[in-house]
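Read in order, the letters of the sequence shown correspond to residues 130 to 379 in our numbering. We treat Cβ as the ideally placed atom computed from N, Cα and C, and that holds for glycine. Predicted model only: the values in this text are computed from it and were never measured. Before any comments, here is the structure.
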Amino acid sequence: MKYTKVNGQIFNAWKEKYNLPWMKPISHEDFIKATRGEELLTLTPLRKVPFSWYGNCKGKKVLGLAAGGGQQMAILSALGAECTLLDISDEQIESDRLVSEREGYAITIIKGDMTEKLPFDDETFDLVINPVSNHYIEKVEPVFKEVARVLKKGGAFLAGLDNGLYWAFDEDTNQLAYRLPFNPLQDENIKKALLEEDMAYIFSHTLEEQLGGQLKAGLIIKELLEDFNDEGPFFDYNVPTFILTRAIKE
């Protein structure tokens, strides 16, 4: 079975086992706040996406790439966007379906794998969002190429990115433990350690891959912010481990 499908099954199991913040659908109260622009998008653990990056989205076609969970799509729908969700996890998809039914908005939901060719025509979307998730895939450059293909000219791509630093360290000892790149498909010890800890397949990616990959795909990065883990030594020492980018297809 392809590793991404294994990850999808693991995400489904996590929904039942763990109280993960990115798996909690927004409340009705927060949805109402979103209609007024008071509930902001989150694509990385802590930092909110500036409203100016996406706020004027009434009537715009939006793709949420690996954005299941009943959060981002709900907020953008509350602002009048026409949203399409593509996610590999049945449980994450179900959260979006339930929120859309509760709040009475339409959403197109597709179960799919973002490592494969996206099932959309060229220049379909005004906005593509991708919450931090590409550390669950081995190659990021093909995803950026597909994002650029399905974006309209002048469209925006908002991405949450993991800078890869965290995966060099052992979670229990906080000591350097793994030589980057962190890749369980290339290192059996890493694969064994992840599966023993009930973790999904995880991959580190460099800034060259993630920022350079967007540029090579024809996207122009206009704004960049950094963010942090919500706990642990990186948080304690104020070491950023995530990046938010806003890129435009020109």
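- Distance check between aspartate 359 and each of Tyr132, Leu149, Pro174 places Pro174 closest, using alpha-carbon atoms only.
- Taking 8 Å as the cut-off, the Cβ atoms of alanine 306 and serine 262 do not count as close.
- Nearest C-alpha to isoleucine 161 among Asn148, Met130, Ser229: Ser229.
- A direct Cα-to-Cα measurement between alanine 288 and threonine 302 gives close to 30 Å.
- Taken in chain order, the whole alpha helix (DSSP H) runs of length 4 or more contained in the segment 259 to 291 are 270 to 279.
- When the Cα atoms are used, aspartate 216 and isoleucine 372 turn out to be separated by approximately 21 Å.
- For glycine 193, the secondary structure class from DSSP, reduced to helix, strand or coil, is strand.
- Short of 6 Å from the beta carbon of threonine 164, and not among the five residues preceding or following it, lie these beta carbons of its own chain, in chain order: Ala207.
- Using a Cβ distance threshold of 8 Å, glutamine 201 and leucine 169 do not count as a contacting pair.
- Around the Cβ of histidine 157, a 10 Å sphere holds fewer than 16 other Cβ atoms; the residue is exposed.
- Sequence-distant Cβ neighbours of arginine 308 in its own chain, meaning closer than 8 Å and more than five residues away, are Ala297.
- Distance from the CA of phenylalanine 273 to the CA of asparagine 141, rounded to the nearest whole angstrom, comes to 25 Å.
- Per DSSP, the unbroken alpha helix (DSSP H) holding arginine 226 starts and ends at 219 to 232.
- Per DSSP, the unbroken beta strand (DSSP E) holding phenylalanine 371 starts and ends at 371 to 378.
- Between valine 191 and glutamate 211, the C-beta gap is smaller than 8 Å, which places the two residues in contact.
- Its Cα nearest to that of valine 135, the residue Tyr265 stands out among Ala235, Thr253, Tyr265.
- The DSSP assignment places 317 to 325, 336 to 345, 362 to 365 as complete runs of the alpha helix (DSSP H) inside the segment 298 to 373, in order along the chain (cut-off: 4 residues).
- Take the alpha-carbon of glycine 361 and the one of aspartate 250: they are about 42 Å apart.
- Residue burial annotation: asparagine 292 is buried, with at least 16 other C-beta atoms found within 10 angstroms of its C-beta.
- Bounds of any alpha helix (DSSP H) do not take in isoleucine 238; it lies within the beta strand (DSSP E) bounded by 237 to 240.
- Distance between glutamate 379 and lysine 146, taken at the CA atoms: about 43 Å.
- Comparing alpha carbon positions, the residue from Glu338, Gly283, Lys321 closest to aspartate 255 is Gly283.
- Restricting attention to Met328, Ile204, Thr335, the CA atom closest to the CA of lysine 187 is found in Ile204.
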